[in-house]
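Going down the list, the sequences are from chains L and W.
Add 2 to a position in the first sequence, counting from 1, and you land on the number used in my numbering.
Add 990 to a position in the second sequence, counting from 1, and you land on the number used in my numbering.
Backbone N, C-alpha and C fix where the C-beta goes; we use that ideal spot for every residue, glycine too.
None of these values were measured; they are calculated from a predicted model.
Since the structure comes first, as structure tokens, the remarks are kept for the end.
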Amino acid sequence: MKKIALFGNPNTGKSTLFNLLTGLNQKVGNYSGVTVEVKTGRIKGALSAHTVIDFPGTYSVFPRSSEEKMVFDVLSNPNSDSFPDVCIVVVDASNLERNLLLFDQIYQLKLPTVLVLNMSDVSARAGLKTDVDKLQAMYSNAQIVEMNARVGLGKNRLIDAVENEIKKETNKENYIFPYGATTFDEQDDTMERREKIQTLVYEVQSIEKDNKQRFFLDKWLAHPILGYFLFVLVLGIIFQSIFNIAAYPMGWIEIGISSTSSFLSNSLPSGIATDLLVEGIIPGIGGVLIFIPQIALLFFFLGILEETGYLSRVIFLMDRLMRPLGLNGRSVVPLISSLACAIPGIMAARTIANWKERMITIFVAPLMSCSARIPVYTILIALVIPDTKIFGFINVQGLVLLGLYLLGLFSALIMAFVMKLMIKSDEKSFLMLELPPYRGPRWLNVLNMMWEKTRRFVFDAGKIIVALSILLWLAASYGPEGHVSELEASKFGVTRVISKTELGAIRLENSYIGIMGQKIEPIIRPLGYDWKVGIALITSFAAREVFVGTLATIYSVNDAEENQVKLLDRMRMQTFRDGTPVFTMASGISLMVFYVYALQCMATVAVVKRETGSWKWPILQLVTMGVIAYFASLIVFTLLK
Amino acid sequence: MNTLTNLKIGETATITGLLAGDCQNALLALGFLKGKTIEVTMRAPFRGPIAVRIGQTLISLRLEEALQVLIDTPNR
């Protein structure tokens, strides 16, 4: 098996080419210690025995950003696992002068190399004519292929060229990588190469007309005032569509999960294994599946924004506003993604090169209201906020929900500012960013991004949510007395024949988690919660929305989804031992505020650990957010009581 | 010394050099070369980043990055 590496500047269509070559035959590679995403895949057909590696877009081989360091490390070490046998360098034919720098540097390494002149249609429209023969004469050891990866033109020519190159043997013994030497002068070399390329491009390309119209949308989209309004509008439309469209598949998933559960519990013999499957594993999987529609849709829309070139305008517009907060224009996408789920948001922070800005972005991302909080907010709002209108048209319940979102957002911004003051770093922050010409989205790329991000969520977060659900199920079904069965229920003062749901409640109360809930009651009592709420706080560490399901179990409501009214009634009836009601406006709002701040999501903790490479950050984050949650709820409850 | 920050929207100038600094190489790689014509096309508000056109490429950079780019007298 040989390795075929794809290199190229950002915005050259390198990913499109990779998708074209490999289709869905690809995966994100694991490179320990490297946060940069590297994809590997296979080409169908004659080359199927070999691996294609899509390296991140870079402007040169010198290690200035984390992406460039990755490429530098691979190319400088012929014994590296990913050291290429064939290099494909993708260049934007309409921007040869800048793109050829990387190619020229790689060409000098004397590895089998194919140069792809991509986007021939764009360059033709830009009025550029390229003399390929002349270019070939100057780089005689490389094969040059003209392509339009976007429409799939030239794929076979590229495969033929790679087939020819792959037969060549690279002599790794005599491999020289000049760019890493300490005596090597990076700046002189770049300057010299630049001059050479400038003359070269002058000889091989002729310009026939200008192409300013490819940027004409900037007049509105990047306008200093209108641009911000349009950005807010775009976000509004996206989130409106996400919530509206996702509601349908989410309904189907819910029905699917509950009918699978009831089918299995009716058809399998009753026993521990069935209980584990029906009460632990299936709800755990359901808790993962239910988020897929929103996450997939969010990345579908973000994919479109990225593909059209709009996202780089957002970075351009937002950079100045984010910097006083210790963030960067590139923090906007991670924070927006976190409105669906913090996990893809935290992973999206990889594009931030500056360490401090990246850490701050990761740290505050979970404060953005994710979709797992919605079921919690919904039930609590229905419970304690009156369904009335102020000024005749503003719904108070809706207003409270909006308030919770804004509380999360502003807390994230304030937290970022505090962290900016606290973290010391001398590393300089850069923006330098290409604003690519506007163009229609390439749907294959959009779908690929959607697929990839959703897959990462399902596998990264999913594993943890399911594993934790099983663990919590065990802790919620077993106690010091073992697993409470129907016969033993009498031990706990029940003398009559009881239903399955009532048995469930007794089981939970006498389980390890139930006892834990009672143990923590003195701690959470000042916030207005009783031990039953304490149980739900503990179980919702699997995922926040588990809160609702746990309350349903504690209050013996057999299906929280279908019986929301019943659950609400039961919640209203709950009293402390002194007879005062548990759920009042004060304790309800205190609980909502708790969920705004607390990092009630172990999957996020695990992903932060992976992304930052140590336990320091996730633990700091868990503790900080927990402490803030506790005191914010305490203040709210004390004031409203 | 005239730097890119002095250029107003719509004005063009010729790049005369880059100041030594952290981003010199990145600027070179992005195509900020001596002799190239550069045009400022946009400015984000509150002294935010500017967008410049060099040849066919539009590049956004912060003002402190633009300070490293030396230019001759702007053509209005």
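Using the C-alpha atoms, what's the distance from residue j back to residue i?
i: Ser78 (chain L); j: Ile1005 (chain W); result: 33 angstroms
i: Asn447 (chain L); j: Met434 (chain L); result: 24 angstroms
i: Glu281 (chain L); j: Thr18 (chain L); result: 44 angstroms
i: Met452 (chain L); j: Ala151 (chain L); result: 20 angstroms
i: Ala355 (chain L); j: Ile1049 (chain W); result: 17 angstroms
i: Gly481 (chain L); j: Leu510 (chain L); result: 9 angstroms
i: Leu409 (chain L); j: Glu308 (chain L); result: 28 angstroms
i: Val1 (chain L); j: Phe9 (chain L); result: It is not possible to answer for residue 1 (chain L), since the shown part of chain L is limited to 3 through 643.
i: Ile508 (chain L); j: Ala463 (chain L); result: 31 angstroms
i: Pro1064 (chain W); j: Gln1014 (chain W); result: 22 angstroms
i: Lys618 (chain L); j: Ser340 (chain L); result: 21 angstroms
i: Phe549 (chain L); j: Pro443 (chain L); result: 40 angstroms
i: Gly590 (chain L); j: Ala351 (chain L); result: 34 angstroms
i: Gln207 (chain L); j: Val1059 (chain W); result: 27 angstroms
i: Leu22 (chain L); j: Ile621 (chain L); result: 42 angstroms
i: Lys357 (chain L); j: Asn512 (chain L); result: First, the residue type needs correcting, since residue 357 (chain L) is Trp and not Lys in the sequence shown. Answer to the nearest angstrom: the Cα atoms are 47 angstroms apart.
i: Asn32 (chain L); j: Gln138 (chain L); result: At Asn32 (chain L) the pLDDT is 48, less than 50, meaning the model places this residue with poor confidence and gives no usable figure here.
i: Ile472 (chain L); j: Leu279 (chain L); result: 9 angstroms
i: Glu197 (chain L); j: Ala1016 (chain W); result: 16 angstroms
i: Gly35 (chain L); j: Arg375 (chain L); result: At Gly35 (chain L), the pLDDT of 43 sits below 50, so the modelled position is not reliable and the matter cannot be decided from this model.
i: Ile240 (chain L); j: Asn81 (chain L); result: 47 angstroms
By DSSP's criteria, residue i is part of a beta bridge. Which residues make up the other side?
i: Arg1033 (chain W); result: W:Ile1040
i: Ser208 (chain L); result: L:Lys131
i: Gly481 (chain L); result: L:Gly484
i: Val54 (chain L); result: L:Ile6 and L:Gly43
i: Cys372 (chain L); result: Bridge partners of Cys372 (chain L): none, in fact.
i: Tyr391 (chain L); result: The residue you asked about is not Tyr; residue 391 (chain L) is Lys in the sequence shown. DSSP output for Lys391 (chain L) lists L:Asn397 as bridge partner(s).
i: Gln28 (chain L); result: L:Gly43
i: Ala418 (chain L); result: Answer is none; Ala418 (chain L) lacks a bridge partner.
i: Leu1051 (chain W); result: W:Ile1040
i: Val88 (chain L); result: L:Ile6
i: Ile1060 (chain W); result: In the sequence under discussion, the amino acid at residue 1060 (chain W) is Leu, which differs from the Ile named in the question. DSSP lists W:Thr993 and W:Gly1007 as partners of Leu1060 (chain W).
i: Ile1028 (chain W); result: W:Ala1003 and W:Ile1044
i: Pro271 (chain L); result: DSSP output for Pro271 (chain L) lists no bridge partner at all.
i: Thr577 (chain L); result: L:Pro583
With distance defined between alpha-carbon atoms, name the residue in the options nearest to residue i.
i: Arg322 (chain L); options: W:Ala1016, W:Lys1024 and W:Ala1034; result: W:Ala1034
i: Pro12 (chain L); options: L:Thr42, L:Leu23 and L:Asp56; result: L:Asp56
i: Gly154 (chain L); options: L:Asn565, L:Met121 and L:Gly519; result: L:Met121
i: Pro524 (chain L); options: L:Phe543, L:Leu505, L:Leu569 and L:Phe578; result: L:Phe578
i: Gly328 (chain L); options: L:Pro180, L:Val420 and L:Glu188; result: L:Val420
i: Val290 (chain L); options: L:Ala545, L:Ala275, L:Glu188 and L:Arg100; result: L:Ala545
i: Leu119 (chain L); options: L:Leu98, L:Pro65, L:Leu104 and L:Ser616; result: L:Leu98
i: Phe633 (chain L); options: L:Gln138, L:Ser513 and L:Pro528; result: L:Pro528
i: Ala48 (chain L); options: L:Pro80, L:Leu160, L:Leu104 and L:Leu113; result: L:Leu160
i: Ile537 (chain L); options: L:Ile630, L:Pro180, L:Ser592 and L:Ala478; result: L:Ala478
Specify the secondary structure class of residue i as computed by DSSP and reduced to three states.
i: Val147 (chain L); result: strand
i: Ala1003 (chain W); result: strand
i: Thr115 (chain L); result: strand
i: Val236 (chain L); result: helix
i: Glu191 (chain L); result: Correcting the residue identity first, residue 191 (chain L) is Asp in this sequence and not Glu. In the structure shown, Asp191 (chain L) sits in a helix (DSSP, three-state: H, G or I).
i: Asp94 (chain L); result: strand
i: Val567 (chain L); result: helix
i: Tyr33 (chain L); result: Caution is warranted here: a pLDDT of 48 is assigned to Tyr33 (chain L), below 50, making its placement in the model unreliable, and the coordinate value is therefore given only provisionally. Residue state, collapsed to three classes: coil.
i: Asn120 (chain L); result: strand
i: Asn1065 (chain W); result: strand
i: Leu435 (chain L); result: strand
i: Leu155 (chain L); result: strand
Does residue i have its Cβ less than 8 angstroms from a Cβ in chain B?
i: Asp321 (chain L); result: Among the chains of the structure shown, chain B does not appear; the protein chains present are L and W.
Show which residues of chain L have a CB atom less than 7 angstroms away from the CB atom of residue i.
i: Asp1012 (chain W); result: Lys430
i: Gly1045 (chain W); result: Glu99
i: Gly1038 (chain W); result: Asp321 and Arg322
I want to verify the contact list: residues of chain L whose CB lies under 9 angstroms from the CB of residue i, in sequence order.
i: Glu1130 (chain W); result: With chain W covering 991 to 1066 only, the question about residue 1130 (chain W) has no answer from this structure.
i: Arg1052 (chain W); result: Asp321, Arg322, Arg325, Ser431, Phe432, Leu433 and Met434
i: Gly1007 (chain W); result: Correct list: empty, because the minimum Cβ distance to chain L is about 10 angstroms.
Could you tell me which chain W residues have their CB closer than 9 angstroms to the CB of residue i, listed as they occur along the chain?
i: Asp220 (chain L); result: Thr1031, Met1032, Ala1041 and Leu1048
i: Leu644 (chain L); result: Nothing in the structure corresponds to residue 644 (chain L), since chain L is present only between 3 and 643.
i: Arg612 (chain L); result: In chain order: nothing, as chain W lies at least about 28 angstroms away.
Give me the chain W residues within the contact set of residue i, using Cβ-Cβ distance strictly less than 7 angstroms, ordered along the chain.
i: Phe217 (chain L); result: Leu1048
i: Gln200 (chain L); result: Leu1023
Please list the partners that residue i has in chain L, where partner means a Cβ-to-Cβ separation under 8 angstroms.
i: Asn1015 (chain W); result: Ser62, Phe64, Arg66, Glu188, Gln189 and Thr192
i: Pro1035 (chain W); result: Pro226, Ile227 and Arg322
Please list, in chain order, the chain W residues whose beta carbon lies closer than 8 angstroms to that of residue i.
i: Leu437 (chain L); result: Ala1041, Leu1048, Ile1049 and Ser1050
i: Ser333 (chain L); result: Chain W residues near Ser333 (chain L): none, gap ~14 angstroms exceeds 8 angstroms.
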